[in-house]
Ligand SMILES: NC(=O)c1ccc[n+]([C@@H]2O[C@H](COP(=O)([O-])OP(=O)(O)OC[C@H]3O[C@@H](n4cnc5c(N)ncnc54)[C@H](O)[C@@H]3O)[C@@H](O)[C@H]2O)c1
Ligand SMILES: [Fe+2]
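Residue numbers (our numbering): 784 to 1173.
Structure representation (C-alpha cells):
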C-alpha cells in the first residue's frame, strides 16, 4: 500500500500555511524560502538534537545554501533563560528566522526567540492579558517555520508560547497574533518513534484542547465545528497510535487533531489548563499528562454548565448521548493509555493545595471555564484530584 493511501498529502492555509503529509520534511528549504528565511536558527530540545531527523533537517538546509545554526539548550517546561540563550545564539549566528522543530517545548521556545529578539520590553510584558500584545513592535518579529514532532500542543498553528517564570514559579502565556508560524511542515513520519507514554500524554493534551474549547461558553461556531471533529479523530486514532506507534494513518490523524485543538482554543480553554499550569510549574510534570489526570474531575465539576454540550459530543462520537457516556469514555481512554488516576501519583502533595488553587484562579484560562471557578472551588477540585474522589 502506498504511503499516500495511509496518510494523505495536502496543502492547507488554515489558519496558517500547512504542508501536511508523510515525508514532507524534505520540503524544508522551500518552506523556509516561502517564509522569507535564508539562514535559520534551528531550535529543538536536547533529546531530539541527537536524533537523525534533526541532523537531516540541518543537512537539507545546508544543502540548499543556507547557514543553519542549532540551538538545543532548553528544558521540557521552557524557562526565560532558554529564550535569552536562544536570542544570543540567533544574534551570534546572524540568523534571519527560526525553524522550530520538536514538541511544544521546542516550538514555544523557538516562537518566543523569534518574537522577543527584536523587542525592547521584557518578555513578561507580553503576557496574554487584555491588549498587552499591542506593546510589541510587530515589525521586529522574525519569521518561524514550525515542524511538530509530537501530536499534542498544536503550538505549530498557535499564536502563543508558554514560558515558565522561575522568579514566581508561574507559567506565562506570551501572546502576539504574529507569533504564529508562517509555514508548518506536518510530517507524520517524524512522530512514528514517539514512545507510548509520550504518545498518550501529548494526545491527551490535544483532547483537552478540543474538549475545553468546545465547552468554553463564548460564541464561536467555527471553533466548535473544528473541536468536534478533532475529538472524533482522537477517539479513533489515539489508542491506535499508542498501541502501534508505526501506524502512519493514526499518527497523521493525531497530528491533524493536535493542530485542530490549537485552532479551536482561540475560543478559550478552561479549568483543566488552569489546574495543569500550576502543577507543571511547581512539579515540572508533563503538561499533557497533568491535563489527562485532572480532566474527569473538571468535567464533573462543570457538569451543570456543560451537560447539553457533552451530550452532543457523545452523540457525535458514537457513544450513548449523555454526559455519563462522555465521562465513562474519558475514564476508559485514560485507563487504556495507562494515565494515573490521581495527582498524588504525580507527586502532588495536599500541603500545596492553597498555593496551587491561588495560581489556578489567577491563570488566564480560568476565565474560559464554564463558569470561572473560585478559590474555594479550586481547593476542592485539587483535593479531589489528589485523592481520586470522583
Ligand atoms: N503554545 C501552546 O499553545 C501550548 C499548548 C499546550 C502546551 N504547551 C507547552 O508545550 C510543552 C509540552 O509540549 P509536548 O507535550 O509536545 O512535550 P515536549 O516538547 O516537552 O517533549 C516531551 C519529550 O518528548 C520528546 N520527543 C518529542 N518528539 C519526539 C519524537 N518524535 N520522538 C521521540 N521523542 C520525542 C522530547 O525530546 C521531550 O523529551 C509544555 O511546556 C506546555 O506548557 C504549549
Ligand atoms: Fe495544553
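Built from N, CA and C at the ideal position, the CB exists for glycine as well.
Positions of the beta strand (DSSP E) runs, each at least 3 residues long and wholly inside the region 881-943, are given as 927-931 in order along the chain. Taken through DSSP and simplified to helix, strand or coil, residue 800 comes out as strand. Nearest Cα to residue 791 within the set 945, 1149, 967 and 1034: 1034. With respect to residue 938, residue 891 sits close: the two C-beta atoms are nearer than 7 Å. Judged by the Cβ position, residue 988 qualifies as a neighbour of ligand 2 at the 6 Å threshold, a heavy atom of the ligand being closer than this. Around the CB of residue 823, 16 or more other CB atoms lie within 10 Å, so the residue is classed as buried.
Annotation: the continuous alpha helix (DSSP H) that includes residue 1079 extends over 1070-1084. For residue 967, the enclosing beta strand (DSSP E) stretches over residues 966-969.
Not one heavy atom of ligand 1 sits closer than 6 Å to the Cβ of residue 868.
Counting C-beta atoms within 10 angstroms of its own C-beta, residue 976 has fewer than 16 neighbours from the protein chains shown and is therefore classed as exposed. In the three-state reduction of the DSSP assignment, residue 1132 falls in the coil class. Inter-segment contact for the region 999-1008 and the region 958-970 is absent: fewer than three beta-carbon pairs are separated by less than 8 Å. CA-CA distance, residue 1104 to residue 1018, rounds to 15 Å. DSSP places residue 838 in the uninterrupted alpha helix (DSSP H) bounded by 835-846.
Check the Cα spacing between residue 1029 and each of 972, 1036, 1013 and 804: the tightest is with 972. In the same chain as residue 970, and ignoring 5 residues on each side of it, the C-beta atoms closer than 6 Å to its own belong to 807 and 808, in chain order.
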